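Accompanying notes for the structure given below.
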Amino acid sequence: MSCTVHETSADPRVSPDVATLDARYVLPTYARNPLELVSGAGAEVVGADGVQYLDFVTGLSVSNFGHCHPHIVAAIQTQASTLIHCSNLYVTRPQAELASRLSAMANGGRVFFANSGAEANEVAIKVAKKRSGAAAEGGASAVIVTLDRSFHGRTMATLSATGQPEKQAPFAPVLGGFVHVAVGDQAALEAVFRRQKVAAVLMEPVLGESGVVLVREGFLKAAQALCEEHDALFMLDEVQTGLGRCGAPFAYQRFGLSPDVVTVAKTLAGGLPMGAAIVGGRAENVLVAGDHGSTFGGGPVVAAAANAVLDLVEGDGLFHRVEEAGARLEGWLTPLVERGMACEVRRLGLMAAVDLVRVSAKQVVLDALEARILLNATSDVTLRFLPPLNVSDEQIDRVGSFLAARLSAEPPEKGLGPRKGLDE
Ligand SMILES: Cc1ncc(COP(=O)(O)O)c(C=O)c1O
Numbered sequence: 001m002s003c004t005v006h007e008t009s010a011d012p013r014v015s016p017d018v019a020t021l022d023a024r025y026v027l028p029t030y031a032r033n034p035l036e037l038v039s040g041a042g043a044e045v046v047g048a049d050g051v052q053y054l055d056f057v058t059g060l061s062v063s064n065f066g067h068c069h070p071h072i073v074a075a076i077q078t079q080a081s082t083l084i085h086c087s088n089l090y091v092t093r094p095q096a097e098l099a100s101r102l103s104a105m106a107n108g109g110r111v112f113f114a115n116s117g118a119e120a121n122e123v124a125i126k127v128a129k130k131r132s133g134a135a136a137e138g139g140a141s142a143v144i145v146t147l148d149r150s151f152h153g154r155t156m157a158t159l160s161a162t163g164q165p166e167k168q169a170p171f172a173p174v175l176g177g178f179v180h181v182a183v184g185d186q187a188a189l190e191a192v193f194r195r196q197k198v199a200a201v202l203m204e205p206v207l208g209e210s211g212v213v214l215v216r217e218g219f220l221k222a223a224q225a226l227c228e229e230h231d232a233l234f235m236l237d238e239v240q241t242g243l244g245r246c247g248a249p250f251a252y253q254r255f256g257l258s259p260d261v262v263t264v265a266k267t268l269a270g271g272l273p274m275g276a277a278i279v280g281g282r283a284e285n286v287l288v289a290g291d292h293g294s295t296f297g298g299g300p301v302v303a304a305a306a307n308a309v310l311d312l313v314e315g316d317g318l319f320h321r322v323e324e325a326g327a328r329l330e331g332w333l334t335p336l337v338e339r340g341m342a343c344e345v346r347r348l349g350l351m352a353a354v355d356l357v358r359v360s361a362k363q364v365v366l367d368a369l370e371a372r373i374l375l376n377a378t379s380d381v382t383l384r385f386l387p388p389l390n391v392s393d394e395q396i397d398r399v400g401s402f403l404a405a406r407l408s409a410e411p412p413e414k415g416l417g418p419r420k421g422l423d424e
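When we follow the numbering used here, the leftmost residue of the sequence shown carries the number 1, and every step to the right adds one.
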């Protein structure tokens, strides 16, 4: 996550005692926005100052059906008063049903339930390592290929997979066995396969944390074909893109791909912590009893919440509406490029970004707060938009007209000058 560092204690939007406790007792690994939130309903959240904000961040693609959706709240309440926890020593109906629904929605595989996106990716990594280790003659270790500027999580294995040296540097040495190639560089990918044994390719179909970098369909297909040719696993990280955000159950389905492993988290349990690795294809029978586990993973309450989320994902017309709403948002962003205020717009479904040229994206996030809108900047250049999937036209227009007014108030001569977009 990237956002701006602020002194929350000095801001009237944060209760002074909360600011003091936060500053003293919470490990300062996050750059906070200067806002304390107390409640939410639909696309709106309410701050401690009593002000209502329109949320185009959704807790980073988590509250995809808006805050406190009644169907999700009811599922959590019912299950919480029935059985909260029993561990994975026993089976439960919510977990078994959720596994079958996720399997049917993805690649027909079997599901491991974890508690976060990073943990879901850990499963993918362990599957790839075990499978290639077992196949390797004399223990020759195979590599996992990921993309430059990718983001797969903060645990040591997923940080090692993440293609961002600046995030890895404080924790060096990170785990070996990962090779990174530039987004879209098919020749580099082919060279890795020629040079060494590859256990798997792990990719985000859209690089969310790096600013909604779209990976070309041709590159994704070439990666899948190389994996098939060399008996490596093709694994997709859909932690941010999955479950409707990109206008399909999974973004990869828009490109007709068939991954062996798909990971998902974020919106899966509607705001409760849950991740899942859907392990199918050539990977399905790799992990056996004792290979992996989680005390909390797939517990009854999160599983019930996730079943409620899947009801909404499967709701009539969702993907059509996501595409329509995404196009409407893009309709506000594209003129910013035409009018010289931005240099690039990227979008898949309702996952969108614009690269600004005259003003810092982080400054625009702060200005949006004054206008009672929550936005997210992935860098000083890029604004990322992750509105609820059931956002209304009027809400999109409110954000679009704020941006048009805010950016046209910035004179070109005062600007930062055109910068290269982040896309491939
Ligand atoms: C594509 C992707 N993978 C993995 C993660 C890590 O998920 P978590 O923070 O739940 O561990 C993220 C989080 O932003 C993500 O966007």
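A virtual CB, placed ideally from N, CA and C, is assigned to each residue, including glycine.
The structure displayed is predicted, hence computed values, not measured ones.
**Prompt:** Per DSSP, what kind of secondary structure is His69 in: helix, strand or coil?
**Reply:** Collapsing the DSSP output to three states places His69 in coil.
**Prompt:** Counting Cβ pairs closer than 8 Å, one from the region 372 to 390 and one from the region 344 to 356, do we hit at least three?
**Reply:** A contact exists between the region 372 to 390 and the region 344 to 356.
**Prompt:** Looking at the structure shown, is Arg347 part of a helix, part of a strand, or coil, going by DSSP?
**Reply:** Here Arg347 sits in strand by DSSP.
**Item:** Rounded separation between Gly298 and His69 - CA only
**Value:** Answer to the nearest angstrom: the Cα atoms are 21 Å apart.
**CA-to-CA distance, Arg254 to Thr78, given in whole angstroms** = Distance between the alpha carbons of Thr78 and Arg254 is about 35 Å.
**Prompt:** Any chance the CB of Val183 is under 8 Å from a heavy atom of ligand 1?
**Reply:** No, the Cβ of Val183 stays beyond 8 Å of every heavy atom of ligand 1.
**Residue environment, Val365, which counts as buried when at least 16 other CB atoms sit within 10 Å** = Within a 10 Å sphere around the beta-carbon of Val365 sit 16 or more other beta-carbons, which makes this residue buried.
**Message:** Quick check: the region 43 to 58 against the region 277 to 286, are at least 3 beta-carbon pairs closer than 8 Å?
**Reply:** Look at the beta carbons and you see the region 277 to 286 not touching the region 43 to 58: under three pairs across the two are nearer than 8 Å.
**Prompt:** Considering Tyr53, what are the terminal residues of the alpha helix (DSSP H) in which it resides?
**Reply:** Here Tyr53 belongs to no alpha helix (DSSP H); instead the beta strand (DSSP E) covers 52 to 55.
**Prompt:** From Leu60, Pro34, Gly66, Ser15, pick the residue whose C-alpha is nearest to that of Ala40; which is it?
**Reply:** Going by the sequence as given, residue 40 is Gly instead of Ala. A check of alpha carbon separations from Gly40 across Leu60, Pro34, Gly66, Ser15 identifies Gly66 as the nearest.
**Prompt:** Can at least three beta-carbon pairs, one atom from the region 166 to 180 and one from the region 218 to 232, be found at a separation below 8 Å?
**Reply:** Flag = no, the region 166 to 180 and the region 218 to 232 do not touch.
**Prompt:** In three-state terms, what does DSSP make of Cys3?
**Reply:** In this prediction, Cys3 has a pLDDT of 38, which is less than 50 and means its spatial position is unreliable; what the coordinates show is noted afterwards. DSSP places Cys3 in coil when its eight states are reduced to three.
**Message:** I'd like the list of long-range same chain contacts for Ser258, defined as Cβ closer than 6 Å, with 5 residues on each side in sequence excluded.
**Reply:** Short of 6 Å from the beta carbon of Ser258, and not among the five residues preceding or following it, lies no beta carbon of its own chain.
**Message:** Just to check my reading of the structure: Val143 and Val198 have Cβ atoms closer than 8 Å, yes? What is that Cβ distance to the nearest angstrom?
**Reply:** The pair is a contact, with the Cβ atoms about 6 Å apart (cut-off 8 Å).
**Item:** 8 Å contact criterion, which Phe234 and Asn115 should meet: CB distance rounded
**Value:** Taking 8 Å as the upper bound for CB-CB distance, Phe234 and Asn115 are not in contact here, some 25 Å apart.
**Message:** With H, G and I counted as helix, E and B as strand and the rest as coil, what does DSSP make of Ile76?
**Reply:** In the three-state DSSP reduction, Ile76 falls in the helix class (H, G or I).
**Prompt:** Taking Cβ to Cβ, would you say Val201 is nearer than 9 Å to Thr146?
**Reply:** A contact, by the Cβ cut-off of 9 Å.
**Message:** Could you check whether the region 243 to 252 touches the region 308 to 327, counting it as contact only if at least three pairs of C-beta atoms, one from each stretch, sit closer than 8 Å?
**Reply:** Note that the region 243 to 252 touches the region 308 to 327; at least 3 beta-carbon pairs, one per stretch, sit closer than 8 Å.
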